[in-house]
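Participant: Below: one structure in structure tokens.
Numbering (my numbering), first residue to last: 28 to 768.
What follows is the structure in structure tokens.
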């Protein structure tokens with residue numbers, strides 16, 4: 028004799044019976060389908076909610092007898108239609124002995140099992156739903172479930188129990204509350220919908236809400252098994268674990284015994300409750316694949332649970348009761364009746380979990396870094412790296428958050444006037460309330476300050492997002508500065524740039540800057556790369572309070588790109604210079620990877636001259652092409668008086684009116700003014716004329732000749748009029764000579 032559930036009240040369908048249109052469609056489809064037999068129609072009403080049940084016998088002959096899933100060849104099902112439900116069409120198995128299987132919705136004890144027919148949301152399914160296809164889906168579910176093969180082979184292990192309608196968010200540092208009689212929590216409801224969501228927060232001693240103690244228990248491993256209804260009591264949980272060759276009793280006893288080494292008193296007037304976390308290792312092929320954490324709220328105190336296990340001795344004068352173990356290890360059954368409220372445990376995010384979710388290797392993310400500049404781009408990078416758990420940061424920036432910054436900064440109106448470092452630090456703290464907070468230093472990264480120096484000394488990486496020239500150049504001059512990278516967007520917002528030093532800092536930022544400008548001058552993308560660099564919006568009363576018109580969209584699109592490329596680059600030892608340019612029309616991104624060359628640094632008088640071997644190769648090539656005549660031309664570079672450096676960037680071709688022979692070279696003037704104007708325009712007036720170079724013929728050295736002495740004197744007189752040093756470079760067959768006056 029098979030026992031079935033009855034849902035609602037039986038109703039005879041007549042011509043004037045009011046039915047949902049979907050109900051009529053399903054009844055019509057059942058009448059046409061040879062594998063379904065209509066049994067009856069039932070209705071259940073509660074308030075303004077009405078459920079209509081089409082009861083059928085269903086079986087298409089594809090379910091084998093004696094199958095491992097326990098499905099009968101013909102099952103009695105109730106198709107429930109209720110437009111007020113999130114899933115308005117449900118299938119309920121009416122056989123009381125219908126098995127608990129994967130892909131079933133949660134249902135209360137002693138109610139019909141509910142089949143999970145669709146994986147997608149109804150809003151997606153309804154667009155292609157028909158009653159006929161719905162019946163075929165039911166037959167598919169019965170057949171696949173009967174053979175326990177609804178999942179693909181590589182699918183992770185199914186959860187052990189159906190999910191509870193309650194969610195509990197634990198703090199990320201919940202381990203400090205485990206099995207502690209002093210660290211306690213309280214529960215706040217943050218969402219009363221479906222599911223009901225609670226949040227556990229540190230106990231407030233002034234609150235009338237019950238304090239919560241947390242008890243953690245690890246039980247023996249469980250092999251892959253069928254999903255089960257969640258237990259209603261400690262005894263049911265123990266019995267279910269026993270059926271999976273695990274258990275709870277001994278572990279529960281041991282955990283409570285260990286939690287009260289100094290005895291325990293009854294809870295205070297407001298009462299106490301428990302959160303029990305049961306850690307269940309999950310096995311697949313005898314190996315632990317993961318550990319599930321099952322959560323249960325117990326409306327009883329640790330004292331009451333210890334008492335139900337007969338752990339406590341008689342009370343002393345102060346009410347304190349000390350633990351003891353019975354000689355015969357007998358435990359009463361009182362504990363088994365303690366009711367449980369199963370909750371889905373959701374631990375709050377910590378940096379380790381964030382790295383895992385972001386697909387970032389822990390070993391590549393555990394470093395100390397300095398982020399110099401937390402303005403528009405810097406604040407977004409800080410947010411990305413905080414949320415992905417990449418690095419531990421000190422934020423260094425002297426600026427405060429002003430109204431116009433809100434267009435492109437992650438801050439809010441309530442933060443206006445605060446240092447930008449404090450704003451970003453506070454926002455990160457809101458993400459990770461229990462993680463060490465980033466260091467906020469509202470100072471210039473270049474000043475001699477103990478906080479700044481300490482942050483730089485602790486760092487393995489400095490990320491310069493100050494959008495200034497002085498910061499990267501000054502950091503390049505310091506031998507005690509960590510590996511440095513400069514990240515910035517061009518004024519148009521269409522390009523972004525990364526200049527990354529090598530791990531040993533042989534190619535420093537200032538020299539990479541020279542190779543960056545040479546790429547601008549010689550590649551097609553450089554023609555518009557730095558356009559609109561002057562700014563066109565005054566945002567304050569001072570003459571320097573100028574900002575650019577730049578969409579926040581540009582900041583975000585390039586911030587993600589720069590972040591990912593930097594993460595991929597710093598795990599390598601090599602230097603890198605790359606420019607990414609977005610197409611305004613299509614949105615496509617083009618990457619311009621610049622081949623980098625070794626850098627040579629020479630101290631000449633009071634100046635340090637830096638150049639790279641790529642520039643030397645270019646000079647060699649021009650000299651070789653001109654032989655047997657001498658040749659030469661103007662040298663382009665960057666002069667920095669603060670650092671006393673001259674970075675040689677590039678050379679201009681010899682003007683057409685130059686004089687050239689095997690024994691002499693005189694540079695002409697034709698087209699030089701226009702060429703220099705182009706250089707200044709393309710490089711935002713950073714690169715300029717710094718001197719001349721010329722070659723010596725075959726067999727001659729690069730030593731300064733009498734004519735060369737006259738030339739350098741002429742160059743010096745011309746450059747000194749503007750207070751600039753003059754550079755002369757002599758290229759011979761075998762070497763180079765650089766003179767600075």
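Yeah, the Cβ is synthetic: ideal placement off N, Cα and C, and Gly gets one too.
It should be emphasised that the depicted structure is a prediction, and the values quoted were computed from it without experimental measurement.
How big is the Cα-Cα spacing for residue 104 and residue 41?
Facilitator: Approximately 22 Å between the Cα atoms of the pair.
Participant: Specify the secondary structure class of residue 266 as computed by DSSP and reduced to three states.
Facilitator: Reduced to three states, the DSSP call for residue 266 is helix.
Participant: How far does the alpha helix (DSSP H) with residue 746 in it reach, from first residue to last?
Facilitator: Taken as a continuous stretch (DSSP letters only), the alpha helix (DSSP H) holding residue 746 covers 733-747.
Participant: Helix, strand or coil for residue 348 per DSSP?
Facilitator: Note: residue 348 maps to strand in three-state DSSP.
Participant: Leaving out five residues on either side along the sequence, give the residues of the same chain with a beta carbon under 6 Å from the beta carbon of residue 559.
Facilitator: Excluding residues within five positions, the ones whose Cβ falls inside 6 Å are 518, 519.
Participant: Starting from residue 240, trace the beta strand (DSSP E) in both directions and tell me its first and last residue.
Facilitator: First-last of the beta strand (DSSP E) with residue 240: 238-245.
Participant: Give the straight-line distance between the Cα atoms of residue 572 and residue 110, rounded to the nearest whole angstrom.
Facilitator: Because the pLDDT at residue 572 is just 40, under 50, the model does not fix this residue reliably, and the value given afterwards should be weighed accordingly. Cα to Cα, residue 572 sits roughly 60 Å from residue 110.
Participant: How about residue 140 and residue 120: do their beta carbons lie closer than 7 Å?
Facilitator: Going by C-beta atoms, residue 140 is nearer than 7 Å to residue 120.
Participant: So residue 272 packs on residue 243, CB below 8 Å; how close in whole Å?
Facilitator: Between residue 243 and residue 272 the Cβ distance is about 21 Å, and since that is not below 8 Å, they are no contact.
Participant: Would you list the residues sitting across from residue 280 in a DSSP beta bridge?
Facilitator: None, per the DSSP bridge assignment.
Participant: Rounding to the nearest angstrom, what Cα-Cα distance links residue 598 and residue 447 in this structure?
Facilitator: Approximately 29 Å between the Cα atoms of the pair.
Participant: Which of the three DSSP states, helix, strand or coil, is assigned to residue 692?
Facilitator: Three-state result, residue 692: strand.
Participant: Taking 8 Å as the cut-off, does the region 388-397 touch the region 486-505 (at least 3 CB pairs, one atom from each stretch)?
Facilitator: Yes, the region 486-505 is in contact with the region 388-397.
Participant: From what residue to what residue does the beta strand (DSSP E) around residue 166 run?
Facilitator: Element bounds for residue 166: not the beta strand (DSSP E) but the alpha helix (DSSP H), 158-173.
Participant: Tell me the rounded alpha-carbon separation between residue 194 and residue 222.
Facilitator: So the alpha carbons of these two residues sit roughly 7 Å apart.
Participant: Secondary structure at residue 763, three-state DSSP: helix, strand or coil?
Facilitator: Note: residue 763 maps to strand in three-state DSSP.
Participant: Would you kindly work out how many angstroms separate the C-alpha atoms of residue 715 and residue 525, rounded to a whole number?
Facilitator: Roughly 23 Å separates the two Cα atoms.
Participant: Are the beta-carbon atoms belonging to residue 85 and residue 78 less than 7 Å from one another?
Facilitator: No. Outside cutoff.
Participant: Since residue 458 and residue 409 are thought to touch, with beta carbons under 8 Å apart, how far apart are those beta carbons, to the nearest angstrom?
Facilitator: About 11 Å separates the two Cβ atoms, so there is no contact after all.
Participant: Once DSSP output is grouped into helix, strand and coil, what is the label at residue 430?
Facilitator: It is helical.
Participant: Out of curiosity, what's the CA-to-CA distance linking residue 239 and residue 127?
Facilitator: Roughly 33 Å between the two C-alpha positions.
Participant: For residue 492, which three-state DSSP category applies?
Facilitator: Of the three classes helix, strand and coil, the one that applies to residue 492 here is coil, per DSSP.
Participant: Count Cβ pairs between the region 325-337 and the region 358-373 that sit closer than 8 Å; are there 3 or more?
Facilitator: Because the criterion of three Cβ pairs below 8 Å is met, the region 325-337 and the region 358-373 touch.
Participant: Relative to the alpha-carbon of residue 709, which residue among 632, 624, 543 has its alpha-carbon at the smallest distance?
Facilitator: Taking only the C-alpha atoms, the option nearest residue 709 is 543.
Participant: Residue 701: which of 166, 341, 682 sits nearest, CA to CA?
Facilitator: Nearest C-alpha to residue 701: 682.
Participant: Which parts of the region 578-658 are runs of the alpha helix (DSSP H), unbroken and 4 residues or longer, counting only runs that do not cross its ends?
Facilitator: Counting whole runs of 4 or more residues, the region 578-658 contains the alpha helix (DSSP H) stretches 579-597, 640-653.
Participant: Considering only residues of the same chain and omitting the five flanking positions on each side of residue 697, which have a CB-CB separation below 7 Å?
Facilitator: Excluding sequence neighbours, residue 697 sits near 682, 683, 684.
Participant: Contact criterion: CB-CB distance below 7 Å. Does residue 324 meet it with respect to chain C?
Facilitator: Reference to chain C is not applicable here, since this structure consists of a single protein chain.
Participant: I'd like the list of long-range same chain contacts for residue 728, defined as Cβ closer than 7 Å, with 5 residues on each side in sequence excluded.
Facilitator: Closer than 7 Å at the Cβ level, and outside the excluded window around residue 728, lie 759.
Participant: By the three-class DSSP mapping on this structure, what secondary structure does residue 324 have?
Facilitator: Correct three-state label for residue 324: strand.
Participant: Out of 220, 214, 219, state which residue places its alpha-carbon closest to the alpha-carbon of residue 229.
Facilitator: Of the candidates 220, 214, 219, the one whose C-alpha sits nearest the C-alpha of residue 229 is 214.
Participant: Excluding sequence positions up to five away, which residues of its chain have a Cβ less than 8 Å from the Cβ of residue 217?
Facilitator: Here the set comprises 196, 224, 225, 226.
Participant: Using three-state DSSP, classify residue 31 as helix, strand or coil.
Facilitator: Three-state DSSP puts residue 31 in a strand.
Participant: Who does residue 71 pair with in a DSSP beta bridge?
Facilitator: DSSP output for residue 71 lists 78 as bridge partner(s).
Participant: What does the Cβ neighbour count give for residue 676, buried or exposed, with the cut at 16 atoms within 10 Å?
Facilitator: Under this definition residue 676 is a buried residue.
Participant: For residue 662, which residues in the same chain have their Cβ closer than 7 Å to its Cβ, ignoring the five residues on either side in sequence?
Facilitator: Cβ within range, chain order: 675, 678, 717, 718, 719, 720, 754, 756.
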